[in-house]
Amino acid sequence: MAFSITGTASALPERSVTNDELSTFLDTSDEWIFPRTGIKSRRVVTSESLDELASRAARAALEDAGITAADLSLIICTTTTGDHLVPAEACAIAAAIGATCPAYDISAACAGFVFALDIADGWFARGRGKHVLIVSAEEMTRLVDWTDRATCVLFGDGAAAAVLEAGGASPLYLNLTCDPQVDVLEVPGIAGSSPFKQRDDEARANVLSMQGRRVFKFGVSTICDSVHAMCDACNITPADIDHFVFHQANERILAAATTRLGVENDRVVRLIEHTGNISSACIPLALDELARSGKLASGQLVALVGFGAGLDTGACLLRWA
Ligand code: ACO
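Position one of the sequence shown corresponds to residue 46 (the numbering used here), numbered consecutively onward.
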């Protein structure tokens, strides 16, 4: 039992913040940021909640798929920045859209959406239901250190969703990996106030830290190795794949991988220039953009590659329904 993606949608915060605006309070500039990252502006949460963005994306994806919340058998939210540690962000989405199916979150950082596709594939294979909603929702601006110019300029906020229906030709390939390297990109958990604790977690800042150059190398090699692995497994070449939807970490990672794979630029979806890196929401957001662009036709092959903290990776080849 495979699946088809029958609806996509996204919801971004209203506020766009340009590089020039960042340079009013950080020692940075558009001249530094844009050539190194491809980012001109990013959307940031102001008065919206992540619950609202996630629910908006969820409702619109259901509408796009032509189903209602009552048709859902499972809701998976991929997030590292939910409005609540408890309950799951997925439960807040269920409440907002009026769903009563099981709902839970998964955390696989920027690769989260592909991990959720794998879970949904297993759900359908076990005959557990007909429709699954995946919502990827991230408020990265809540995790970054706004005094650290090396990281805060890279990220943005937003949500995107996809409705999956049991049956169809996807996935043709799906592979998940973890190369455990916790220090490459990390956000420490909450310290708490237990009187019994003897470790000094308070000393660890509760913000994102990243080893940029290691992420860069890992990103380029993950994209290239994953595309070659899916091609080998499916007996095709990169030239046979119509669209590439890679995690939008950095334009220079996308450019290096595109060149190394030898594929045309216009087959690689890009939206980082005006969104920044929205972690797990990047892939479904790019997929939604592609679906709305009119360039995506039934029967075409779409390659997804996500990579991020962990270091987790997820790669998937879809035959668009
Ligand atoms: N503005 C101005 N100067 C800056 C900025 C900034 N925003 N950020 C760093 N610098 C300075 C540093 O302070 C340093 O100055 P110094 O030489 O005086 O000490 C200099 O620029 C070089 O700093 P590096 O950190 O070595 O910069 P690098 O050339 O590695 O570029 C970058 C940083 C763009 C982050 C690069 O490492 C990169 O592209 N890495 C990929 C990381 C990435 O894309 N992460 C996305 C999130 S992770 C994920 O999604 C999986």
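Glycine included, every Cβ here is placed at the ideal spot set by N, Cα and C.
- When the beta-carbon positions are compared, P58 and A207 stay at least 7 Å from each other.
- A distance criterion of 6 Å places the beta-carbon of R305 beyond contact range of the ligand ACO, judged by its closest non-hydrogen atom.
- Each residue's CA atom was taken as its position, placing E134 and P240 some 29 Å apart.
- The three-state secondary structure of I84, taken from DSSP, is coil.
- About 14 Å separates the beta carbon of A182 from that of A153, a gap too long to meet the 8 Å contact definition.
- Taking D190 as reference, the option from A115, S254 and P147 with the minimal CA-CA separation is S254.
- The beta carbon of L306 lies closer than 7 Å to those of C269, V272 and P283 in the same chain, with the five residues before and after it left out.
- No Cβ-Cβ contact shorter than 7 Å links D202 with R104.
- Runs of the beta strand (DSSP E) spanning 3 or more residues and lying entirely within the region 180-252 occur at 202-211 and 218-223, in chain order.
- In this structure, DSSP gives V265 a helical state, which the three-state scheme calls helix.
- Going by DSSP, I317 is part of the alpha helix (DSSP H) stretching over I317 to T320.
- In the DSSP assignment, the residues bridged to V89 are R60.
- Of the candidates G83, D245, S55 and T73, G83 places its Cα closest to the Cα of E296.
- Q256 has its alpha-carbon roughly 18 Å from the corresponding atom of W77.
- DSSP, reduced to helix, strand and coil, places S118 outside both helices and strands of the structure shown, so it counts as coil.
- Under the criterion of beta carbons closer than 8 Å, A348 and F289 qualify as touching, at roughly 5 Å.
- Less than 7 Å divides the Cβ of D65 from the Cβ of D75.
- The residues A102, A205, L330 and D333, in chain order, have a CB closer than 6 Å to that of S55 in the same chain once the five nearest residues on each side in sequence are set aside.
- With respect to G359, G353 sits apart: the two C-beta atoms are not nearer than 7 Å.
- Proximity of the beta carbon of N64 to the ligand ACO is not indicated: no heavy atom of the ligand is located closer than 6 Å.
- Between the ligand ACO and the CB of L217, the shortest heavy atom gap is not smaller than 6 Å.
- C136: member of the alpha helix (DSSP H) spanning E134 to I142, first to last residue.
- For A360, the enclosing beta strand (DSSP E) covers residues D357 to R364.
- Taking C-alpha positions only, K340 is separated from R173 by approximately 33 Å.
- Per DSSP, the beta-bridge partners of I151 are T123.
- A residue is called buried once 16 or more other Cβ atoms fall within 10 Å of its Cβ, and E309, having fewer, is exposed.
- The ligand ACO never approaches C197 closely enough for any of its heavy atoms to be under 6 Å from the residue's Cβ.
- In this structure, the beta-carbon distance from D287 to Q345 falls below 7 Å.
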